[in-house]
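Here the structure comes first, spelled out in structure tokens, and everything after it is commentary.
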Amino acid sequence: MSSQAVDVRWMRLANLSLVLTTIIRHAPVSQSLLIDLTGLKKPTISNLVDELARLGWVRVEGAVRNKIGRPRQLLAPNPGRGLIVSAQISIDRLATLIVDFSGTERARGISTVDVSRISQSETVGRLAHLVRDGLRDAGAAPGGVLATALGLPGIVGEHGDVVYVPGLAWDTADVGGMLRSALADVVATDVPLLVENEANLATVSEQRPQACRDVHNFVYLLGEAGVGAGVVIDGALFRGTRGAAGEIGHVSIALDGPRCSCGKRGCWALYVGREALLTAVRPGRAGGRGSSLWNAGSGHGGEPDPLTPERIVAAARAGDAVAAEALGLLRRYLAAGIGNIASAYDPEVVVLGGFLATAFAQDLDALQSEVDAWLMGDLYDGLRVELSTHGHDAPLWGGVALALHHLAANPRAVDPLPATG
């Protein structure tokens, strides 16, 4: 085959990918709008749309009537094309989300578990069980999974290799391979399995909704047991040399501070993670201060509700002084860290996700004021602190976005749907 023929085939595939990506991002969309969005000519768009329809990726979803002429058909991703599995391993939970190719949720699952207390194989086994349950609930057909994404609380290299998982004594060589093997009875082994850091996935999810869709430089802070960050520079996720960019939670802010699970002392994550709130209220209890936190309500089965970060946040909002002081301390450490992030990355927006979004959902103005006080004069004037669009589910939706991007990169890589009728 001549080089010219290869170039033509490559160009057509690139255009096919561009059109499918545009439909996914802007659906429902007419062919005339596709022409405007892609810059391709009308005959090219028409031919590419026909091919995508034959392959089963897109379908007609309604029409827009014109004042004159025929109605314009609206195109959208075909939900019957197959399913996407997004799975997440966090320090304190396992979660799954299953959507069809249109991005519509079909099933989800969650299991609260201290992953640091169980083995790597048991963790993967439990996650695989959640995936199986989800596929059953979604009515998955044999061979119906198009791609799987896996988010982890660790450093992931450019090619999906897990480099390091702080706080977990894991053999990180091939976590994705372990999950692939565990799911071999329900997901074909040749289905793409994409592995990524959970904070990076949360960041990817935020590039689609309204908060940061048109923002080119932002930092996403995913706060759970610790805190990790995803960094977007000039519209692209910044990974660093080893995939470790964004491990802001392990920046030491106190040389003689407490020991972190990573082995260092005084890591920022110890001052802004979920456990930081529990630590902050202990002096009040030890000092005999009155607080509603010490009067645990009745939980399941008549057992007392445990003291949790969520209870502390709720008590602070209800006016409990001990809880309010603890949340205020967390806010100060968070504001100081965001000030450091501004100095390092100069973002337009800092997005709070996970527990941090929950903690400051009703206190964002106070946090913004404190952040402003930590910035260098007017240099970073206009830096905004926003809440995540997807909350705790952001890494899961980021996994969906990653899988959609992978599938759209080569629409011919998956066998066409069988002809019907």
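Once you know that position 106 of the sequence shown is 150 in our numbering, the rest is easy, because the numbers rise by one and skip nothing. All residues carry an ideal CB built from backbone N, CA and C; glycine is no exception. Owing to the predicted nature of the structure, the values given are computational and were not obtained by experimental measurement.
Going along the chain, which residues of its own chain have a beta-carbon closer than 6 Å to the beta-carbon of residue i, five neighbours each way excluded?
| i | result |
| --- | --- |
| H436 | G398 |
| I292 | A273 |
| G442 | L245, A246, V248 and S249 |
| A298 | G310 |
| L81 | T66 |
| W418 | A379, A380 and G383 |
| S130 | L141, A193, L440, G443 and V444 |
| Y377 | Y315 and V316 |
| G279 | H260 |
| G178 | T140, I142, A151 and G153 |
| R303 | R309 |
| M222 | V168 |
| Q164 | W214 |
Ordered along the chain, which non-local residues of its own chain (more than five positions away) have a Cβ less than 8 Å from that of residue i?
| i | result |
| --- | --- |
| G465 | Because the pLDDT of G465 is 47, which lies under 50, any placement of that residue in the model is unreliable, and the question is left without a value. |
| R375 | F404, D407, A410, L411 and E414 |
| V108 | S74, P115, R116 and L118 |
| N454 | L57 and S61 |
| S335 | V325, G328, R329, A359, D364, A365, V366 and A367 |
| P72 | E105, G106, L118, L119 and A120 |
| L351 | L322, V325, L337 and A340 |
| H70 | L77 and L81 |
| G287 | I199, V200, G201, E202, V207 and N241 |
| L174 | A131, L138, A139, T140, G153, I154 and S155 |
With respect to the beta strand (DSSP E) encompassing residue i, which residues constitute its N-terminal and C-terminal limits?
| i | result |
| --- | --- |
| A120 | R116 to P121 |
| N241 | L237 to N241 |
| G397 | V393 to G398 |
| R170 | It is not in any beta strand (DSSP E) - R170 instead sits in the alpha helix (DSSP H) that spans Q164 to D181. |
| S336 | Premise fails: S336 is in no beta strand (DSSP E) and is neither H nor E. |
| E105 | V102 to V108 |
| S155 | E149 to T156 |
| V429 | R428 to L431 |
| Y264 | F262 to G267 |
Between residue i and the rest of its own chain, which residues show a CB-CB distance below 7 Å, the 5 nearest in sequence each way excluded?
| i | result |
| --- | --- |
| A320 | L314 and L374 |
| N59 | L84, T88 and L92 |
| P460 | R98, L99 and G100 |
| R361 | Q406 |
| A401 | L431, S432 and G435 |
| L212 | V159 and S160 |
| T148 | P123 |
| R283 | E202 and A289 |
| L196 | I133, V206, V209, V219, V239, N241 and E242 |
| R137 | I154, S155, T156 and V157 |
| I79 | K86 and I89 |
| D422 | none |
Could you tell me whether any Cβ in chain D is nearer than 8 Å to the Cβ of residue i?
| i | result |
| --- | --- |
| L77 | In summary, chain D is missing from the structure at hand, where a single protein chain is found. |
State the beta-bridge partners of residue i as determined by DSSP.
| i | result |
| --- | --- |
| I385 | According to DSSP, which records beta bridges pairwise, I385 is partnered with nothing at all. |
| G287 | Answer by DSSP bridge pairing: none, since G287 is not bridged. |
| S61 | The partner list for S61 (beta bridge, DSSP) is empty, contrary to what the question assumes. |
| I199 | Y208 |
| Y377 | For Y377, which the question treats as bridged, DSSP gives no partner whatsoever. |
| Q132 | A139 and G195 |
| A273 | L265 |
| C144 | According to the sequence shown, residue 144 is Asp rather than Cys. Note: D144 sits in a beta bridge opposite L127. |
| L281 | V276 |
| V73 | L119 |
| V189 | L127 |
| R303 | R309 |
| S90 | BP columns for S90 are empty, so no partner. |
How is the alpha helix (DSSP H) around residue i delimited, first residue to last?
| i | result |
| --- | --- |
| R361 | P353 to R361 |
| A447 | A438 to A453 |
| A482 | Residue 482 lies beyond the range of the chain shown here (45 to 465); nothing can be said about it. |
| V415 | L408 to W418 |
| A298 | Run containing A298: none; DSSP gives neither H nor E here. |
| P350 | Segment: none, P350 is in no alpha helix (DSSP H) and carries neither H nor E. |
| P327 | R318 to A330 |
Problem - Sufficient close CB pairs (3 or more, under 8 Å) joining the segment 439 to 458 to the segment 236 to 244 - result: yes
Practice task
Say whether the segment 259 to 269 touches the segment 217 to 232, bearing in mind that this needs 3 or more beta-carbon pairs closer than 8 Å, one atom from each stretch.
Solution key: no
Practice task
Kindly confirm or deny that the segment 164 to 184 and the segment 224 to 235 touch, where touching means at least three C-beta pairs closer than 8 Å.
Solution key: yes
Practice task
Evaluate contact between the segment 149 to 158 and the segment 169 to 181, counting only Cβ atoms and requiring at least three cross-stretch pairs below 8 Å.
Solution key: yes
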